[in-house]
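Chains A and B supply the protein sequences, listed in that same order.
Mapping of the first sequence onto the numbering used here: position 170 corresponds to residue 296, and the numbering continues sequentially without gaps.
Mapping of the second sequence onto the numbering used here: position 255 corresponds to residue 382, and the numbering continues sequentially without gaps.
Glycine included, C-beta positions come from ideal geometry on N, C-alpha and C.
Notes follow once the structure below has been shown.
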Amino acid sequence: MRALKQPGLWLYVAALVAWGVMVFLLDDPTLRETSFTLLMYVGLAASLNILLGYTGYVSFGHIVFFGLGGYMGFYLVSIQEWSLYPAALAGGVFGALVAGLLGLAVLRLRGAYFALATIGINEAARAFVNNFRPFGGATGLSLNYAVYGQYGGSMKALWLAFGLVWLIAIVTVVTSYLIKQSRFGLGLMAIREDEDAAMVMGVKAPFKNGNVEPHDAFRLHMSIETLVMIMLGGQGTVLGPIIGALSYERLRGYLLVSPLFKSLHLALSGVFLLLIILFVPAGVVGWLRHRFAKLRGILE
Amino acid sequence: MVHQLINSLTDGFLLGFVYGLAAMGLSLIWGVMSVINLAHGPVITVGMLTTYLLFVHLGLNPYLALVVVAGVGLVLGLVIYITAVHRVISAPHLSSLLATFAVNMIILGIFNAVFGGDQNNIDYSLGSLSIDFLNVTYSRLLAALGAVAVTVFLYLYLYFTRTGKSIRAVANNREAAELMGIPSTRVLALSFGLGSLLAAVAGSLISTIFPFTIFSGGPYELKSFVICVLGGLGNPLGALLGGLILGLMEGLIPIWMPTSWVPVVEFGLFVFVLVVKPTGLLGAK
Numbered sequence: 127m128r129a130l131k132q133p134g135l136w137l138y139v140a141a142l143v144a145w146g147v148m149v150f151l152l153d154d155p156t157l158r159e160t161s162f163t164l165l166m167y168v169g170l171a172a173s174l175n176i177l178l179g180y181t182g183y184v185s186f187g188h189i190v191f192f193g194l195g196g197y198m199g200f201y202l203v204s205i206q207e208w209s210l211y212p213a214a215l216a217g218g219v220f221g222a223l224v225a226g227l228l229g230l231a232v233l234r235l236r237g238a239y240f241a242l243a244t245i246g247i248n249e250a251a252r253a254f255v256n257n258f259r260p261f262g263g264a265t266g267l268s269l270n271y272a273v274y275g276q277y278g279g280s281m282k283a284l285w286l287a288f289g290l291v292w293l294i295a296i297v298t299v300v301t302s303y304l305i306k307q308s309r310f311g312l313g314l315m316a317i318r319e320d321e322d323a324a325m326v327m328g329v330k331a332p333f334k335n336g337n338v339e340p341h342d343a344f345r346l347h348m349s350i351e352t353l354v355m356i357m358l359g360g361q362g363t364v365l366g367p368i369i370g371a372l373s374y375e376r377l378r379g380y381l382l383v384s385p386l387f388k389s390l391h392l393a394l395s396g397v398f399l400l401l402i403i404l405f406v407p408a409g410v411v412g413w414l415r416h417r418f419a420k421l422r423g424i425l426e
Numbered sequence: 128m129v130h131q132l133i134n135s136l137t138d139g140f141l142l143g144f145v146y147g148l149a150a151m152g153l154s155l156i157w158g159v160m161s162v163i164n165l166a167h168g169p170v171i172t173v174g175m176l177t178t179y180l181l182f183v184h185l186g187l188n189p190y191l192a193l194v195v196v197a198g199v200g201l202v203l204g205l206v207i208y209i210t211a212v213h214r215v216i217s218a219p220h221l222s223s224l225l226a227t228f229a230v231n232m233i234i235l236g237i238f239n240a241v242f243g244g245d246q247n248n249i250d251y252s253l254g255s256l257s258i259d260f261l262n263v264t265y266s267r268l269l270a271a272l273g274a275v276a277v278t279v280f281l282y283l284y285l286y287f288t289r290t291g292k293s294i295r296a297v298a299n300n301r302e303a304a305e306l307m308g309i310p311s312t313r314v315l316a317l318s319f320g321l322g323s324l325l326a327a328v329a330g331s332l333i334s335t336i337f338p339f340t341i342f343s344g345g346p347y348e349l350k351s352f353v354i355c356v357l358g359g360l361g362n363p364l365g366a367l368l369g370g371l372i373l374g375l376m377e378g379l380i381p382i383w384m385p386t387s388w389v390p391v392v393e394f395g396l397f398v399f400v401l402v403v404k405p406t407g408l409l410g411a412k
């Protein structure tokens, strides 16, 4: 495993581990909530980056699997009264299964046609969940408060949720690193460069996009936000989505609370995104790698 | 039952022309420069808002306002092309998708700050036409006629004027067109402007039928995607047919299932057509 001997991976993992440990030690609920959101986005961005950054397939449907997995897990916990762990796992497997089946169908499309298909999947899934009775229709599902009892009350349950998101973020980052270093990863990169040539070499184009992403939301706008994070940090790099997710979330938080920019935050985020795409298309990490060749060993 | 069916189908059919018009703008832009314009929805909203503001503040007849809206749409499209699209026109699809999405965010963000999310309604009723059991509002009828008129103009423009022909030449093969002395940048900007013009005019026609908010353009953008795929991406006249199909579907589906299921069927069909026949039902090249 040559990949495990390189410094980059260990640095990122150590940073993520230290972050989580710090949150647990400081025992501050506000810090926990911010970190929860940030780590969730790190996981989302890193997982979407496996598809987008390594292959160039633009997916607007990533959040569908996030949402369906979350809905499934939530449904199992609240209605079927499963315990959290098997439910979360089942939700993840369900999301991966749907992703695999849809992937088989739509990954044969290329470029803009693929992007359009994922927009369609996005909308179809949202409309479906809005109408699907077992998932609560338009009002959604809510958790019975008594469920928290098994996990030692709601406070403990929130800490538990944070711990799980933390672990998942780390696992996703490590996975994306290993994929980048592996032959499978090389295969994915080759798809990006030249799908035809890659197919000749025997790489199967429709592959699985399976990640365990437990959460109880189904917000489709997040697909595009996740894309923005990846662009900001640098697509196709391991560090990029982490940096992108952290800085985008911080920026948005700042814009939302600042009295000056509050009403214009959407427009300002748009201007910011446009500037990145037009002038720094490689993202922060890509730009640094280009400018400082010595950093290439660390910035993967 | 049959009466209800015919009424609902007529409504859907007439609305389909307007849907087709909006989709034509998207299809034109895709056909000429292979860019999926994610700012299409906000441009539709611009058409709605311009009509509304002219009506409320200047008392301008919404149908006369179409001329102004067309001008606004054209200029807006040119500005979007020059600022956001031109630099990424040859970049991978992600860049142009995100660049136009950024424009989407900017326009909606500004509208949200200036106008807020309230519902606006153009209070201008023309009554309705009744033949036996058939009941059609004149505003719907006029909107359909307007859409047809604009389509005819577009067709004449693309096939019988010099600039129209250069647009088709660039769509066909940009490099060859450049070699023939066609200023491709100008033609691309013009096509983007025309696409936005069509979207804005469609928005204006929609605002005479339904009340709207600043976010109303979004659903019509999504419908435009569905229509483009039904009619064949890059085929503007196919878009009109696709619009009619969608309009008829929207008239037909609510008879068998609740209205809220309509998008599930629409987008399900959309993905299905994309996977089975990505060039569209009408089989454009």
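**Prompt:** What is the DSSP secondary structure of A/V338, counted as helix, strand or coil?
**Reply:** For A/V338, the pLDDT reaches just 30, beneath the cut-off of 50, and the residue's location in the model is therefore unreliable, although a value from the coordinates is still provided. The answer is coil: DSSP assigns A/V338 none of H, G, I, E or B.
**Item:** Residues within the stretch 233 to 256 of chain B neighbouring chain E, beta-carbon criterion of under 7 Å
**Value:** Going by chain labels, chain E is absent from the structure shown, which instead holds the protein chains A and B.
**Prompt:** Taking 8 Å as the CB-CB limit, is B/V398 close to chain A?
**Reply:** yes
**Request:** Please confirm if the stretch 170 to 183 of chain B is in contact with the stretch 363 to 377 of chain A, defined as three or more CB-CB distances below 8 Å between the two stretches.
**Result:** no
**Message:** Tell me which residues share the same chain as B/I336 and place their Cβ nearer than 7 Å to its Cβ, disregarding the 5 neighbours each side in the sequence.
**Reply:** S266, R267 and A270
**Request:** At 7 Å on the CB atoms, spell out the chain B contacts of A/E249, in chain order.
**Result:** L349, P390 and F394
**Message:** I want to see whether chain A comes within less than 8 Å of B/F228, judged by CB atoms only; does it?
**Reply:** yes
**Request:** Could you check which residue in B/N239, B/G369 and B/D259 has the C-alpha nearest to that of B/Q131?
**Result:** B/D259
**Prompt:** Rounded to a whole number of angstroms, what is the C-alpha to C-alpha distance between A/G179 and A/F240?
**Reply:** 15 Å
**Message:** Comparing C-alpha positions only, which one of A/N248, A/G370 and A/L242 sits nearest to A/V224?
**Reply:** A/N248
**Message:** In the DSSP assignment, the alpha helix (DSSP H) including A/N248 goes from what residue to what residue?
**Reply:** G237 to N257
**Request:** Would you list, in chain order, the members of the stretch 317 to 339 of chain B that have their beta-carbon closer than 9 Å to a beta-carbon of chain A?
**Result:** none
**Asked** Taking 7 Å as the line, does the beta carbon of A/R415 fall inside it for any heavy atom of the ligand SAH?
**Response** What this structure holds is no ligand at all, so the ligand SAH is not there to describe.
**Message:** Considering Cα atoms alone, identify which of B/Q246, B/T288, B/L193 and B/N231 is closest to A/L400.
**Reply:** B/N231
**Prompt:** Thinking just about the alpha-carbon of each residue, which of A/G229, A/A171 and A/A408 is nearest to the one in A/I350?
**Reply:** A/A171
**Request:** Starting from the beta carbon of A/S389, find every residue of chain B whose beta carbon is closer than 8 Å, and list them in chain order.
**Result:** N239 and A240
**Request:** Tell whether a beta-carbon distance below 8 Å holds between A/L142 and A/A295.
**Result:** yes
**CB contact below 8 Å: A/S173 versus chain B** = no
**Request:** Under 9 Å between beta-carbons, which chain A residues line up against B/A218? List them in chain order, please.
**Result:** I403 and P407
**Close Cβ partners of B/Y190 (< 8 Å) along its chain, the five nearest in sequence each way excluded** = L269, G273 and T335
**Request:** Could you confirm whether any beta carbon from chain B is found closer than 8 Å to the beta carbon of A/V184?
**Result:** yes
**Message:** Contact defined as beta carbons within less than 8 Å: I believe B/G330 pairs with B/N164. What is the distance between those atoms, to the nearest angstrom?
**Reply:** With 8 Å as the limit, B/G330 and B/N164 do not qualify as a contact, their Cβ atoms being about 14 Å apart.
**Asked** Could one say the Cβ of A/S395 lies closer than 8 Å to chain B's Cβ atoms, at least one of them?
**Response** yes
**Request:** Can you tell me the Cβ-Cβ gap for B/I435 and B/Y179, rounded? I've got them flagged as a contact below 8 Å.
**Result:** Residue 435 of chain B cannot be examined here, being either before or after the span of chain B that is shown, 128 to 412.
**Asked** Skipping 5 residues on each side, what residues in its chain have a beta carbon closer than 7 Å to that of B/G291?
**Response** Y284 and L285
**Asked** Cβ of B/S135 less than 8 Å from any chain A Cβ?
**Response** no
**Asked** What does a CB cutoff of less than 6 Å around A/F333 pick up in its chain, not counting 5 residues either side in sequence?
**Response** Caution applies to A/F333, whose pLDDT of 30 falls short of 50 and renders its modelled position unreliable; the value that the coordinates give is listed next. There are no such residues.
**Beta carbon proximity, B/R289 to chain A, threshold 8 Å** = no
**Item:** Contact the stretch 190 to 199 of chain A vs the stretch 207 to 219 of chain A: 3+ CB pairs below 8 Å
**Value:** yes
**Message:** Quick check on the burial criterion: 16 or more other C-beta atoms within 10 angstroms. Buried or exposed for A/D154?
**Reply:** exposed
**Residues that A/M357 contacts on chain B, provided the C-beta gap is smaller than 8 Å** = L221 and L225
**Prompt:** So which residues on chain A does B/I171 lean against when the C-beta distance must stay under 8 Å?
**Reply:** Result: empty, since nearest Cβ-Cβ is about 16 Å, beyond 8 Å.
**Backbone CA spacing between A/G187 and A/A371 [nearest angstrom]** = 18 Å
**Prompt:** How about A/I350: is its C-beta nearer than 8 Å to some C-beta of chain B?
**Reply:** yes
**Prompt:** In the DSSP assignment, what are the bridge partners of B/L261?
**Reply:** B/I258
**Message:** Here's the rule: buried if 16 or more other CB atoms are within 10 angstroms of the residue's CB, otherwise exposed. What is A/L386?
**Reply:** exposed
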